[in-house]
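Chemist: Please read through the structure below; I'll follow up with questions.
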Amino acid sequence: MVIVPSSKAELRKEQRKILLRSGAAAMVCMLALGGAQYFLRGAKVFPDENLESRLLFIAAANLLLVVWVIIGVAMVARGRRHSAEDIGGSAYSRPSPRIAVAAAFLQNTLEQFVIASVTLSALVMLEGAAMMPFIAASVVLFGVGRVCFLVGYSKGAGGRAFGMALTALPSIAAFVIALAHLITRVWQT
Numbered sequence: 016m017v018i019v020p021s022s023k024a025e026l027r028k029e030q031r032k033i034l035l036r037s038g039a040a041a042m043v044c045m046l047a048l049g050g051a052q053y054f055l056r057g058a059k060v061f062p063d064e065n066l067e068s069r070l071l072f073i074a075a076a077n078l079l080l081v082v083w084v085i086i087g088v089a090m091v092a093r094g095r096r097h098s099a100e101d102i103g104g105s106a107y108s109r110p111s112p113r114i115a116v117a118a119a120f121l122q123n124t125l126e127q128f129v130i131a132s133v134t135l136s137a138l139v140m141l142e143g144a145a146m147m148p149f150i151a152a153s154v155v156l157f158g159v160g161r162v163c164f165l166v167g168y169s170k171g172a173g174g175r176a177f178g179m180a181l182t183a184l185p186s187i188a189a190f191v192i193a194l195a196h197l198i199t200r201v202w203q204t
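For the sequence shown, this note's numbering begins at 16 and goes up steadily by one.
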C-alpha cells in the first residue's frame with residue numbers, strides 16, 4: 016500500500032519520518048565513512064598514489080556502482096516483458112502499477128549513480144589515495160542504500176528516506192571535499 020498524505024497533519028507526520036530516518040542515515044554514513052578513513056587509511060589493501068592506480072581504483076568503484084543501474088534496468092525489462100500494459104515501452108504509456116516501483120527505482124538509481132560516479136572520481140583524482148577508504152565505504156553505502164530505498168519505497172517518502180539518504184550523503188560529502196580541495200588549489204595559485 017502506497018502512503019500518500021491527504022492532510023497537513025499527515026504531511027507533517029511523513030516529513031518527521033523523513034527527517035528522523037535521514038538523520039539516522041547521516042549517523043550511519045558518518046560512522047562508516049569516518050571509520051573507513053580512520054581504520055583503513057594507509058592499509059596495504061589500497062593501491063599506490065600513482066595515476067594508473069587511482070584510475071584503476073575508480074574504475075572498479077564505478078563498476079560496483081553501475082551494478083545497481085543494471086539491476087534496475089533488469090527489473091523494468093522483466094516487468095515489461097510480463098505486462099501487456101507495459102510491453103509497448105515508456106514512449107506510449109506511463110508505467111503500470113506492475114512496474115511503477117521498478118521504474119522509479121531505476122530512475123532514482125541512475126540519477127544517484129551519475130552523481131556518485133562524478134563526485135567519487137573527482138575526489139580520488141584531486142585528493143589521491145588518501146581518500147580511497149572513503150570511496151570504498153561510499154560504494155558499500157550506495158549498495159545498502161539502494162536496497163533500503165527499494166524495500167521502503169511502498170511505505171511512502173518516510174519509508175524510502177533512510178535508503179535515499181544513505182545513497183546520497185556520501186556523494187554530497189565527496190562533492191564538498193573535492194570542491195573545497197579544488198577551490199583551495201586555485202586560491203593558492
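Backbone N, C-alpha and C define an ideal beta-carbon position, used for all residues, glycine too.
Between the beta-carbon of residue 84 and the beta-carbon of residue 149, is there less than 9 Å?
Modeler: Looking up residue 84 in the sequence shown gives position 69. Looking up residue 149 in the sequence shown gives position 134. No, they are not a contact pair.
Chemist: At what residues does the alpha helix (DSSP H) containing residue 23 begin and finish?
Modeler: Taking the sequence shown and counting its residues from 1, the one referred to as residue 23 is at position 8. Residue 23 -> alpha helix (DSSP H) spans 23-55.
Chemist: The alpha helix (DSSP H) that contains residue 196, what's its start and end?
Modeler: On the sequence shown, residue 196 is found 181 positions in, with the first residue counted as 1. It spans 172-203 - the alpha helix (DSSP H) in which residue 196 sits, taken as one unbroken run.
Chemist: Is there contact between the region 137-151 and the region 56-66, where contact requires at least three CB pairs shorter than 8 Å?
Modeler: yes
Chemist: DSSP three-state call for residue 108: helix, strand or coil?
Modeler: Working through the sequence shown from its first residue, we reach residue 108 at position 93. Looking at residue 108 - three-state DSSP - the assignment turns out to be coil, as it is neither helix nor strand.
Chemist: Is it the case that the region 153-167 contacts the region 98-115, given that we only count it when at least three CB pairs across the two stretches are under 8 Å?
Modeler: By the Cβ rule, the region 98-115 does not count as touching the region 153-167, because fewer than three pairs are nearer than 8 Å.
Chemist: What residue from 24, 124, 159 has the CA that sits closest to residue 88's CA?
Modeler: Walking along the sequence shown from the start, residue 88 turns up at place 73. Minimum Cα distance to residue 88 is reached at 124.
Chemist: Which of helix, strand or coil does DSSP assign to residue 102?
Modeler: Residue 102 sits at position 87 when you count from the first residue of the sequence shown. Coil at residue 102, not helix or strand.
Chemist: Distance check for residue 130 and residue 51, CA to CA, integer angstroms please.
Modeler: Residue mapping note: residue 51 aligns to position 36 of the sequence shown, counting from 1. Residue mapping note: residue 130 aligns to position 115 of the sequence shown, counting from 1. Between residue 51 and residue 130, the alpha-carbon positions lie close to 21 Å from each other.
Chemist: State the start and end residues of the unbroken alpha helix (DSSP H) segment that holds residue 114.
Modeler: Taking the sequence shown and counting its residues from 1, one reaches residue 114 at position 99. Segment: none, residue 114 is in no alpha helix (DSSP H) and carries neither H nor E.
Chemist: According to the neighbour-count rule (16 or more other Cβ atoms, all chains shown, within 10 Å of its Cβ), is residue 178 buried or exposed?
Modeler: As a working mapping, residue 178 is identified with position 163 in the sequence shown. So residue 178 counts as buried.
Chemist: Give a yes or no on whether the C-beta atoms belonging to residue 182 and residue 200 are separated by under 9 Å.
Modeler: Walking along the sequence shown from the start, residue 182 turns up at place 167. Walking along the sequence shown from the start, residue 200 turns up at place 185. Going by C-beta atoms, residue 182 is not nearer than 9 Å to residue 200.
Chemist: With a 10 Å radius around its C-beta and 16 neighbouring C-beta atoms as the bar for buried, classify residue 198 as buried or exposed.
Modeler: To locate residue 198, count along the sequence shown from 1; it is residue 183. By the 10 Å Cβ count, residue 198 comes out exposed.
Chemist: Taking C-alpha atoms, which residue in 175, 33, 188 lies nearest to residue 120?
Modeler: Counting from one through the sequence shown, the residue named residue 120 turns up at place 105. Considering only alpha carbons, the answer is 175.
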